[in-house]
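Quick note on the working numbering: the sequence shown kicks off at 353 and runs consecutively.
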Amino acid sequence: MCGEIMHELALAESIFHIVEKEMTKYPGSKALKVAIKLGALHEIVPDALQFGFDTMTANTSLAGVQLDIERIPIKGRCRNCGHEIVIEDFVFICPDCFSSDIEMTQGDALEITHLEIE
Numbered sequence: 353m354c355g356e357i358m359h360e361l362a363l364a365e366s367i368f369h370i371v372e373k374e375m376t377k378y379p380g381s382k383a384l385k386v387a388i389k390l391g392a393l394h395e396i397v398p399d400a401l402q403f404g405f406d407t408m409t410a411n412t413s414l415a416g417v418q419l420d421i422e423r424i425p426i427k428g429r430c431r432n433c434g435h436e437i438v439i440e441d442f443v444f445i446c447p448d449c450f451s452s453d454i455e456m457t458q459g460d461a462l463e464i465t466h467l468e469i470e
């Protein structure tokens, strides 16, 4: 359990430092919201990430900043038959031709997409 949460805490810390650095470009402004895209491939637990971010930002200039997490499902395309699939439970098998030659087309995103300030 601890190892799982450590992953989220490390990500929360990275987000914190990126936003903190970005805010130096806007002296006197206050960050309100940080939006991120989070691909399901990373197996990040959104509530744990939120907890880590809230803990990391407490008693800082970023305290109270809303973390908006958009979960991106894993999708792929079968290289054998071309079928587009949504990958669940990390099963990379085409339901049409049963090939395991799947090209992942979505789901590995991990990026800050928006920073709202006032």
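Don't be surprised by glycine CBs; every beta carbon is placed ideally from N, CA and C.
Taking 9 angstroms as the cut-off, the beta carbon of residue 370 is found no closer than this to the beta carbon of residue 392. In chain order, 381, 382 and 384 place their CB closer than 8 angstroms to the CB of residue 470, counting only its own chain and leaving out the 5 sequence neighbours on each side.
If you look at residue 459, you'll find it isn't in any alpha helix (DSSP H); DSSP assigns it neither H nor E. The segment 421-441 and the segment 453-464 touch, with no fewer than 3 CB-CB distances between them shorter than 8 angstroms. For residue 372 and residue 413, the gap between their C-alpha atoms comes out near 8 angstroms. Taking residue 439 as the centre and dropping the five residues before and after it, the same chain places the C-beta of 426 and 428 closer than 6 angstroms to its C-beta, in chain order.
Annotation for residue 466: 387 place their beta carbon closer than 7 angstroms to its own, counting only its chain and skipping 5 residues before and after. Between residue 404 and residue 462, the gap from beta carbon to beta carbon reaches 9 angstroms or more.
DSSP, read as helix, strand or coil, puts residue 406 in helix. One alpha carbon belongs to residue 422, the other to residue 389, and they sit about 5 angstroms apart. Going by DSSP, residue 385 is part of the beta strand (DSSP E) stretching over 383-391.
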